[in-house]
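Chemist: Can you read through this structure? Questions will come right after.
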Amino acid sequence: MDLEKIKYNEAGLVPAIVQDYKTRQVLMMAWMNEESLKLTIETKKATFFSRSRQELWIKGETSGNTQAVVKIDYDCDGDTLLLQVNPKGPACHTGNTSCFYRNLMLNQDTNLGNMEILNRLYDLIADRKSNPVEGSYTNYLFEKGVDKICKKIGEEAAETIIAAKNNDPEELIYESSDLIYHLLVLLNNQNVDLNSLFRELTKRHK
3 MDLEKIKYNE AGLVPAIVQD YKTRQVLMMA WMNEESLKLT IETKKATFFS RSRQELWIKG
63 ETSGNTQAVV KIDYDCDGDT LLLQVNPKGP ACHTGNTSCF YRNLMLNQDT NLGNMEILNR
123 LYDLIADRKS NPVEGSYTNY LFEKGVDKIC KKIGEEAAET IIAAKNNDPE ELIYESSDLI
183 YHLLVLLNNQ NVDLNSLFRE LTKRHK
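Just so it is clear: in the sequence shown, position 76 is 78 by our numbering, and no numbers are missing.
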């Protein structure tokens with residue numbers, strides 16, 4: 003990277019967008035100064051500058067949710083960085099995979115990517131866990147605990163098998179979707195982030 007081409011603002015900072023290298027999901031945004039950028043390049047650990055504390059901080063240094071940097075790009079003006087990382091654990095302090103888990107506007111005709119819809123659903127379930135909503139079925143499952151969630155997974159798995167045996171594609175899609183939803187609830191309940199699942203699948207594929 004041509005470090006001299008990076009343009010810092012009047013405070014000596016440049017915004018850094020962090021993206022999952024494998025899934026391409028945007029995880030978070032933070033600030034970097036020249037020192038934190040150089041350290042990130044040297045150590046391959048995402049290192050930022052805290053405006054509130056006025057000090058450098060390594061992502062995951064206290065939480066364990068580290069980010070191994072694979073690639074750093076900069077935009078056409080040189081005033082924004084894009085870090086592609088392999089994350090270990092969620093990026094957001096709320097426990098969500100990404101800090102961008104709430105929608106201000108979403109066109110209902112939008113065709114979300116396969117990875118994105120899984121991440122959005124996982125993060126929505128995680129948000130229900132952190133911020134319970136009265137009457138929410140997801141919160142009902144969390145309240146009942148792992149035994150109830152596992153029972154539902156067993157029921158949905160059986161219904162998925164029946165749909166396949168009945169050779170009914172529409173029923174199979176419906177029941178499989180229910181099965182995946184309940185599996186995501188279980189992963190959330192057991193504090194297993196979705197990226198860990200993606201990494202295991204990637205490892206098996208290799």
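We put the CB at the ideal spot given by N, CA and C, even for glycine.
Select from I19, N169, E158, R206 the residue whose C-alpha is nearest the C-alpha of L84.
Modeler: Out of I19, N169, E158, R206, I19 has the C-alpha closest to the C-alpha of L84.
Chemist: Report yes if the CB atom of T162 is closer than 8 Å to the CB atom of S178, and no otherwise.
Modeler: Their beta carbons are under 8 Å apart, which means T162 touches S178 by this criterion.
Chemist: With three or more C-beta pairs closer than 8 Å as the rule, is the region 89-105 touching the region 188-199?
Modeler: The answer is yes - the region 89-105 touches the region 188-199, with three or more Cβ pairs under 8 Å.
Chemist: Note down the Cα distance separating F51 from K205, rounded to an integer number of angstroms.
Modeler: Each residue's Cα considered, the two are about 33 Å apart.
Chemist: Give a yes or no on contact between the region 51-66 and the region 126-133, applying the rule of three or more CB pairs nearer than 8 Å.
Modeler: No, because fewer than three Cβ pairs between the region 51-66 and the region 126-133 fall closer than 8 Å, the two stretches do not touch.
Chemist: Could you compute how far the alpha carbon of Q27 sits from the alpha carbon of Q21?
Modeler: Their backbone Cα atoms lie some 6 Å apart in a straight line.
Chemist: State the DSSP-derived secondary structure class of T99, mapped to helix, strand or coil.
Modeler: Of the three classes helix, strand and coil, the one that applies to T99 here is coil, per DSSP.
Chemist: Cβ atoms of V16 and T82: under 8 Å apart, would you say?
Modeler: In this structure, V16 lies closer than 8 Å to T82 by Cβ.
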